[in-house]
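Novice:
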Amino acid sequence: MNQKGNVNNALIITIVILLIGIGVYFAFFKKQNSFPPYSVTANNTLSTNIDGYFETCMNNTSVYKKKNSSWEKVSNELPRKGLYYLDDKFFGYGMCDVVYCDKLPMPYTMKLVEYKKVGEKTPPPDSGSSANVLPMYQTVSLNDDIKINIEYFSDNNCQNKKTISTVIKK
79 MNQKGNVNNA
89 LIITIVILLI
99 GIGVYFAFFK
109 KQNSFPPYSV
119 TANNTLSTNI
129 DGYFETCMNN
139 TSVYKKKNSS
149 WEKVSNELPR
159 KGLYYLDDKF
169 FGYGMCDVVY
179 CDKLPMPYTM
189 KLVEYKKVGE
199 KTPPPDSGSS
209 ANVLPMYQTV
219 SLNDDIKINI
229 EYFSDNNCQN
239 KKTISTVIKK
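Given below as structure tokens:
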């Protein structure tokens with residue numbers, strides 16, 4: 079083979095490798111993390127549409143707030159079984175015993191808040207609780223820059239997990 083043929087072959091191989099690399103990037107990296115358009119309402123609730131599925135009784139979001147130039151995870155989940163106070167209101171037993179795969183609601187919404195434990199309080203007499211005290215939480219609105227990770231599944235059997243992320247600047 080002559081020198082011109084070698085150059086042509088090298089050029090073709092380079093173009094093929096470049097096209098494969100671009101395809102891999104768009105297939106695996108670009109699509110997985112593209113957060114759909116969203117809005118944040120006046121009451122600090124994020125609303126978006128995610129075409130996918132989730133496992134019931136499981137927390138599928140992680141929220142972080144900016145603190146000293148790093149991200150700190152916030153508590154955005156309350157006890158699933160219930161038996162706690164939130165903003166001075168008692169919440170009794172919650173029922174979430176069976177995990178199954180379900181379609182994400184449209185629109186998908188989440189309050190951009192943090193639940194801070196502020197103390198303990200005795201349960202109401204008719205609560206059915208045998209505990210001496212129950213945790214008390216306070217809702218705190220997140221008003222600084224926040225980062226959100228939402229895990230969901232692209233299939234109705236909840237086997238193909240995806241994660242999308244965004245940063246909301248406030």
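Numbered according to the numbering used here, the sequence shown terminates at residue 248, and the numbering increases by one at each position without gaps. Positions of the beta carbon are idealized from the N, C-alpha and C atoms, including for glycine.
#1: Give every residue of the same chain whose Cβ lies closer than 8 Å to the Cβ of residue 242, excluding the five residues on either side of it in the sequence, and list them in chain order.
#2: Under 8 Å: do the stretch 200–219 and the stretch 162–182 share three or more Cβ pairs, one atom per stretch?
#3: Residues in its own chain within less than 8 Å of residue 200 by CB, not counting five upstream and five downstream?
#4: Closest to residue 120 by C-alpha separation, out of 223, 219, 205 and 89, would be which residue?
#5: Go ahead and pull the three-state DSSP assignment for residue 87.
#6: Where does residue 128 fall in DSSP's three states?
#7: Which of the three DSSP states is assigned to residue 191 in this structure?
#8: Is the beta carbon of residue 207 sitting closer than 8 Å to the one on residue 156?
#9: Note down the Cα distance separating residue 178 from residue 137, rounded to an integer number of angstroms.
Specialist: So, from the listed chains and residues:
#1: Same-chain partners within the cutoff: 110, 111, 112, 113, 114, 128, 227, 228 and 230.
#2: The stretch 200–219, when compared against the stretch 162–182, does touch it at the 8 Å Cβ threshold.
#3: So the list reads 210, 211 and 212, once near-sequence residues are dropped.
#4: Selected option, being the one with the closest Cα: 219.
#5: Residue 87: helix per DSSP, three-state reduction.
#6: Coil.
#7: Strand at residue 191.
#8: Contact check for residue 207 against residue 156 fails: the beta carbons are separated by 8 Å or more.
#9: Here the C-alpha atom of residue 178 lies approximately 13 Å from the C-alpha atom of residue 137.
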